[in-house]
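**Q** Chains as they are written, first to last, in the working numbering: chain H, 2 to 302; chain S, 64 to 392. C-beta: ideal position from N, C-alpha, C; glycine also. No experiment lies behind these values; they were computed from the predicted model shown. I am attaching a structure below and will ask some questions about it afterwards.
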Amino acid sequence: MTAVAGPPSTTAAVPETAPPAPAPPRRRRRGPVAYAVYVGLLVLVAVFLAPLLVIAINSFKSASDFAAHGPLALPHGWHLSTITRFWKQVDFGTKLLNSLEISAAVAVLGTALALLNSYAIGIGRVRGRAVFLVFFLMVNVVPQEGLVYPLYYMAKQVNLYDSKLAVIIIFTVIQSAFGTYLLSSVLAEFPAEIIEAAEIDGANSWRTLTRIVVPMSWPTLSVMFTFFFIWTWNEFFLPLVFLISNDNQTVPVGLAVLQGQHLMDVTATSASALLGVLPALLFFLVFQRTLTRGIAAGALK
Amino acid sequence: MTLSVSTTKSSRAAAGPRPGRRPARRNARRGVRRPGRRGYSLYLLPGLVLSCVVIVVPVIANVGLSFTSWPGVGNPEWIGTRNYQRLFQDEDFWASFRHTAAIVLAMAIVPTVLGLVLAAVLFDYVAKRFSSRSATLFRSALYVPQVLPVAVSGIVWSWLLLPDGAVNTLAKDIGLGGLARDWLGDPNSALPSVLGIMVWIQLGYPVVMFMAGLQRVNPELYEAAEMDGAGWWQRFRRITIHQVRPELYVVLATTTIAALKTFAQVFVLTRGGPGNATLVPSYFAYRSFFENADVGYGSAISSIMVVLILVVGAVFVRLQTRADQEGRR
Numbered sequence: 002m003t004a005v006a007g008p009p010s011t012t013a014a015v016p017e018t019a020p021p022a023p024a025p026p027r028r029r030r031r032g033p034v035a036y037a038v039y040v041g042l043l044v045l046v047a048v049f050l051a052p053l054l055v056i057a058i059n060s061f062k063s064a065s066d067f068a069a070h071g072p073l074a075l076p077h078g079w080h081l082s083t084i085t086r087f088w089k090q091v092d093f094g095t096k097l098l099n100s101l102e103i104s105a106a107v108a109v110l111g112t113a114l115a116l117l118n119s120y121a122i123g124i125g126r127v128r129g130r131a132v133f134l135v136f137f138l139m140v141n142v143v144p145q146e147g148l149v150y151p152l153y154y155m156a157k158q159v160n161l162y163d164s165k166l167a168v169i170i171i172f173t174v175i176q177s178a179f180g181t182y183l184l185s186s187v188l189a190e191f192p193a194e195i196i197e198a199a200e201i202d203g204a205n206s207w208r209t210l211t212r213i214v215v216p217m218s219w220p221t222l223s224v225m226f227t228f229f230f231i232w233t234w235n236e237f238f239l240p241l242v243f244l245i246s247n248d249n250q251t252v253p254v255g256l257a258v259l260q261g262q263h264l265m266d267v268t269a270t271s272a273s274a275l276l277g278v279l280p281a282l283l284f285f286l287v288f289q290r291t292l293t294r295g296i297a298a299g300a301l302k
Numbered sequence: 064m065t066l067s068v069s070t071t072k073s074s075r076a077a078a079g080p081r082p083g084r085r086p087a088r089r090n091a092r093r094g095v096r097r098p099g100r101r102g103y104s105l106y107l108l109p110g111l112v113l114s115c116v117v118i119v120v121p122v123i124a125n126v127g128l129s130f131t132s133w134p135g136v137g138n139p140e141w142i143g144t145r146n147y148q149r150l151f152q153d154e155d156f157w158a159s160f161r162h163t164a165a166i167v168l169a170m171a172i173v174p175t176v177l178g179l180v181l182a183a184v185l186f187d188y189v190a191k192r193f194s195s196r197s198a199t200l201f202r203s204a205l206y207v208p209q210v211l212p213v214a215v216s217g218i219v220w221s222w223l224l225l226p227d228g229a230v231n232t233l234a235k236d237i238g239l240g241g242l243a244r245d246w247l248g249d250p251n252s253a254l255p256s257v258l259g260i261m262v263w264i265q266l267g268y269p270v271v272m273f274m275a276g277l278q279r280v281n282p283e284l285y286e287a288a289e290m291d292g293a294g295w296w297q298r299f300r301r302i303t304i305h306q307v308r309p310e311l312y313v314v315l316a317t318t319t320i321a322a323l324k325t326f327a328q329v330f331v332l333t334r335g336g337p338g339n340a341t342l343v344p345s346y347f348a349y350r351s352f353f354e355n356a357d358v359g360y361g362s363a364i365s366s367i368m369v370v371l372i373l374v375v376g377a378v379f380v381r382l383q384t385r386a387d388q389e390g391r392r
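Okay, here's the thing in structure tokens:
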């Protein structure tokens, strides 16, 4: 790094970083060093994304093409057949729908539950709110390994084993615990005058929540919804334990279980990886701004 | 994690009033609102009941089960601390925690250090000499592995690392065929391969977090330092690291806890093998629960994980609070 940026000693740094004349602040100086840094970053990003590119090109190869030319050659003719055959073989559409159903349900229910908790803590300022916040933090942090067996046993008792509902309930609680933590501090900043005005106008607390707090907190709620959706989509451990039949599995669980059985040929495996990557990339492109803004908010709001 | 909430705010307050904020007025408002409102406790009820049923009761039951011998059917048999005694003599148990230490390095320490440098380069160099748009694009590209389901990243990499896969083919093509090996099947290279993949997965997170933190920094600070002759490295050491301290705690806390919970990567890449070369506590517990029907033993392992993770969480919260109080002084 020092070689790139110039050593910290002032004398050596003079030509590169300490111009004698007072420089206008936004001036852009692009010496060879700057271009070297830029190219270095480009190479880093290329290496970083190459795995996904390699997966993508191999998913369009026929098995014989792969056998003849190996994993790094471009396909000789682009075949969709590997992907479509894999899609049908594992009934990928069902897995997509399962993931969609579970993630959307958790996002909606988790946001709603977090909203109720945070309404009591942030706006209602209930007694012991600091303790409740620590409690919800712990609920979110506790490793799933420490709950899985009793939950598994309970689910079997109430006929919720191998059911999407069980997974939805569990993740609603886990995600909403984090959401409570985030949203409580946001709602603590909610203008008191507005709440008081609503009270004077005779609105009860439920009406205040649905007519005033929810519409005004919409930006935060939508960030939470997005995050809960993607986090739940990516979850693995509990869905692996709870969803054992093919008809209930989510995308990550279905693909991982299949990969573990070693039944697929090489190009089919790369097609399976591609099909796992694509929805995630799609969410990323659609929600990119929400995500990057929300990550900062999640930490610092 | 989000205890940073209060932290950041008070450290901001410590830095003095910021433009656009009216601290005096806000404090007055707070004063008015200090007494809690009535009738709001009811809204906590669903959240508390569900948390108890889904989290608290299972955790307590799990700790209880760790003192029993139970194959998952019939009645658990109370055996006192025998599971724990057995654990401490089990080489797999110690191996799994040694691997966890290495994973903390690969998921928390290395990405944090690299991410700090990359964020500073992008924010204080690329954005200024080229454009903030290109800095944003680099950031997004590095973040891509973060949005993939971990299990799917595992499938991608296990495909690339096949004995006749892309990585070995590339090594042969550039004349480094001697390096080619069965990366995940060789006990010597399995763990390093898994760790490398973890760095790839994690790197984007600290970059995004630190770049967000740097947005807070007054640009004049950097400009003044630059005019005083501070090189990039000096600005990095004296300004950047200090300014992103709140993010530093959050990143280290969340990634360390995630490292202790590692499961999907190991499940997909190696199943803990070859032998126990990549065994981690989480997979060890899973195996005891669902493959060996040794529920008491699995509960003992996972109870240790629960305690460890709660302790790590508490330590970070404590560190953060202390750093915050120092900042206020």
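What in chain H is Cβ-close to proline 109(S), meaning under 7 angstroms?
**A** Taking the second sequence and counting its residues from 1, the one referred to as residue 109(S) is at position 46. The answer, in chain order, is Leu114, Leu117.
**Q** Between the region 352–368 of chain S and the region 141–155 of chain S, do at least 3 Cβ pairs fall closer than 8 angstroms?
**A** Judged by Cβ distances under 8 angstroms, the region 352–368 of chain S makes contact with the region 141–155 of chain S, as three or more pairs qualify.
**Q** Per DSSP, what kind of secondary structure is threonine 144(S) in: helix, strand or coil?
**A** For this step, residue 144(S) is matched to residue 81 along the second sequence. Three-state DSSP puts threonine 144(S) in coil, outside helix and strand.
**Q** By a C-beta neighbour count over all protein chains shown, 10 Å radius and 16 as the cutoff for buried, is glycine 125(H) buried or exposed?
**A** If you number the first sequence from 1, residue 125(H) lands on position 124. Classification of glycine 125(H): buried, given that the 10 Å Cβ count is 16 or more.
**Q** When you compare only the Cα positions, how much space is there between valine 136(S) and glutamine 328(S)?
**A** Residue numbering aside, residue 136(S) sits at position 73 when the second sequence is read from its first letter. Residue numbering aside, residue 328(S) sits at position 265 when the second sequence is read from its first letter. Looking at the two C-alpha atoms, the distance is approximately 30 angstroms.
**Q** If contact is defined by three or more beta carbon pairs under 8 angstroms, each pair taking one atom from either stretch, is the region 274–290 of chain H in contact with the region 208–221 of chain S?
**A** The answer is yes - the region 274–290 of chain H touches the region 208–221 of chain S, with three or more Cβ pairs under 8 angstroms.
**Q** Buried or exposed for glutamine 152(S), going by 16 or more other Cβ atoms inside 10 Å?
**A** The residue labelled residue 152(S) in the question sits at position 89 within the second sequence. When all chains shown are included, glutamine 152(S) counts as exposed.
**Q** In three-state DSSP terms, what is serine 164(H)?
**A** As a first step, residue 164(H) must be located in the first sequence, where it is residue number 163. Looking at serine 164(H) - three-state DSSP - the assignment turns out to be coil, as it is neither helix nor strand.
**Q** Just curious, the alpha helix (DSSP H) that histidine 49(S) is in, first and last residue?
**A** Nothing can be reported for residue 49(S): it is not among the residues displayed for chain S, which extend from 64 to 392.
**Q** Taking any Cβ of chain H, which residues in the region 209–221 of chain S have a Cβ under 8 angstroms from it, in chain order?
**A** Of all residues in the region 209–221 of chain S, Val210, Leu211, Pro212, Val213, Ala214, Val215, Gly217, Ile218, Val219, Trp220, Ser221 have a Cβ within less than 8 angstroms of some Cβ in chain H.
**Q** Establish whether the CB of valine 91(H) and some CB of chain S are separated by less than 7 angstroms.
**A** Reading the first sequence from its first residue, position 90 is the one you call residue 91(H). Answer no: the Cβ-Cβ gap between valine 91(H) and chain S never drops below 7 angstroms.
**Q** Helix, strand or coil: how does DSSP classify threonine 317(S) here?
**A** Translated into the one-based positions of the second sequence, residue 317(S) becomes position 254. Here threonine 317(S) sits in helix by DSSP.
**Q** Taking a Cβ distance cut-off of 9 angstroms, strictly less, list which residues of the region 224–243 of chain H are near chain S, in chain order.
**A** Residues passing the 9 angstroms Cβ filter: Ile231, Trp234, Asn235, Glu236, Phe237, Phe238, Leu241, Val242.
**Q** Among Val343(S), Thr131(S), Tyr312(S), whose alpha-carbon lies nearest the alpha-carbon of phenylalanine 156(S)?
**A** For the purposes of this step, residue 156(S) is taken as residue 93 along the second sequence, with counting starting at 1. Among Val343(S), Thr131(S), Tyr312(S), the Cα nearest to that of phenylalanine 156(S) belongs to Val343(S).
**Q** Listed in chain order, which residues of the region 30–44 of chain H have Cβ atoms closer than 7 angstroms to some Cβ of chain S?
**A** Going along the region 30–44 of chain H in chain order, one finds Arg30, Arg31, Ala35, Val38, Tyr39, Leu42 with a Cβ nearer than 7 angstroms to chain S.
**Q** Within the 7 angstroms Cβ cut-off, does proline 174(S) reach chain H?
**A** Here residue 174(S) refers to the residue found at position 111 when the second sequence is read from its first residue. By this cut-off, proline 174(S) is not an interface position.
**Q** What residues in the region 344–363 of chain S bring their beta carbon closer than 8 angstroms to a beta carbon of chain H?
**A** Those residues of the region 344–363 of chain S that come within reach of chain H (Cβ to Cβ, closer than 8 angstroms) are Pro344, Ser345, Ala348, Tyr349, Phe352, Phe353, Val358, Gly361, Ser362.
**Q** For chain S, is any of its Cβ atoms less than 7 angstroms away from the one on leucine 148(H)?
**A** Start at 1 with the first residue of the first sequence, and residue 148(H) comes out as number 147. Taking Cβ atoms only, chain S reaches closer than 7 angstroms to leucine 148(H), which makes this a yes.
**Q** With 7 angstroms set as the bound, which would you pick, yes or no: does the beta-carbon of phenylalanine 326(S) sit closer than that to a beta-carbon of chain H?
**A** Translated into positions along the second sequence, residue 326(S) becomes position 263. Phenylalanine 326(S) counts as touching chain H.
**Q** So with CB distances below 8 angstroms, who are the chain H contacts of threonine 144(S)?
**A** If you number the second sequence from 1, residue 144(S) lands on position 81. Neighbours of threonine 144(S) on chain H: none; closest Cβ ~18 angstroms, over 8 angstroms.
**Q** Valine 378(S) touches chain H at which residues, Cβ-Cβ below 7 angstroms?
**A** Along the second sequence, read from residue 1 onward, the residue named residue 378(S) stands at position 315. Correct list: empty, because the minimum Cβ distance to chain H is about 12 angstroms.
**Q** Counting only Cβ pairs nearer than 7 angstroms, list the residues of chain H close to valine 122(S).
**A** For the purposes of this step, residue 122(S) is taken as residue 59 along the second sequence, with counting starting at 1. Ordered by position in chain H, the residues that pass the 7 angstroms Cβ test against valine 122(S) are Val143, Gly147, Leu148.
**Q** Against chain S, with Cβ distances strictly below 7 angstroms, would leucine 264(H) count as a contact?
**A** Start at 1 with the first residue of the first sequence, and residue 264(H) comes out as number 263. Judged by the 7 angstroms Cβ criterion, leucine 264(H) is not in contact with chain S.
**Q** For serine 132(S), write down the residues that DSSP places opposite it in a beta bridge.
**A** On the second sequence, residue 132(S) is found 69 positions in, with the first residue counted as 1. DSSP, once it has assigned bridges, lists Glu140(S) as partnering serine 132(S).
**Q** In three-state terms, what does DSSP make of alanine 124(S)?
**A** The residue given as residue 124(S) occupies position 61 in the second sequence. Three-state result, alanine 124(S): helix.
**Q** With 7 angstroms as the threshold, decide whether the Cβ of serine 73(S) is near any Cβ in chain H.
**A** Locating residue 73(S) in the second sequence gives position 10, where the first residue counts as 1. Note on serine 73(S): pLDDT 34, under 50, position unreliable in the model; no value is reported.
**Q** Give the straight-line distance between the Cα atoms of arginine 92(S) and leucine 188(H), rounded to the nearest whole angstrom.
**A** The residue labelled residue 92(S) in the question sits at position 29 within the second sequence. The residue labelled residue 188(H) in the question sits at position 187 within the first sequence. Confidence at arginine 92(S) is low in this model, with a pLDDT of 44, below 50, so the placement of that residue should be treated as unreliable; the coordinate-derived value is given next. Roughly 14 angstroms between the two C-alpha positions.
**Q** Please state whether the Cβ-Cβ distance between leucine 224(S) and valine 215(S) is less than 7 angstroms.
**A** On the second sequence, residue 224(S) is found 161 positions in, with the first residue counted as 1. On the second sequence, residue 215(S) is found 152 positions in, with the first residue counted as 1. Their beta carbons are not under 7 angstroms apart, which means leucine 224(S) does not touch valine 215(S) by this criterion.
**Q** Between which residues of its own chain and valine 149(H) is the CB-CB distance below 8 angstroms, once the five residues before and five after are set aside?
**A** Translated into the one-based positions of the first sequence, residue 149(H) becomes position 148. For valine 149(H), where only same-chain residues beyond five positions count, the Cβ hits under 8 angstroms are Phe238, Leu239, Val242.
**Q** Check the C-beta distance from leucine 177(S) over to leucine 266(S) and give it rounded, since I have them as a contact under 8 angstroms.
**A** The residue given as residue 177(S) occupies position 114 in the second sequence. The residue given as residue 266(S) occupies position 203 in the second sequence. Contact holds; Cβ gap of about 6 angstroms.
**Q** Straight-line CA distance for isoleucine 106(H) to lysine 96(H)?
**A** Locating residue 106(H) in the first sequence gives position 105, where the first residue counts as 1. Locating residue 96(H) in the first sequence gives position 95, where the first residue counts as 1. In the sequence as displayed, the identity of residue 106(H) is alanine instead of isoleucine. C-alpha separation (whole angstroms): 15 angstroms.
**Q** When we look at the beta-carbon of glutamine 388(S) and count the other beta-carbons within 10 Å, is it buried (16 or more) or exposed?
**A** Position 325 of the second sequence, counted from the first residue, corresponds to residue 388(S). Exposed.
**Q** Would proline 226(S) and aspartate 245(S) be called neighbours here (beta carbons separated by less than 7 angstroms)?
**A** By 1-based counting over the second sequence, the position of residue 226(S) is 163. By 1-based counting over the second sequence, the position of residue 245(S) is 182. Result yes, Cβ atoms of proline 226(S) and aspartate 245(S) sit closer than 7 angstroms.
**Q** At what residues does the alpha helix (DSSP H) containing proline 174(S) begin and finish?
**A** Looking up residue 174(S) in the second sequence gives position 111. Proline 174(S) -> alpha helix (DSSP H) spans 173–184.
**Q** At least one CB of chain S closer than 7 angstroms to the CB of glutamine 176(H): is that the case?
**A** By one-based count along the first sequence, residue 176(H) stands at place 175. So, not an interface residue.
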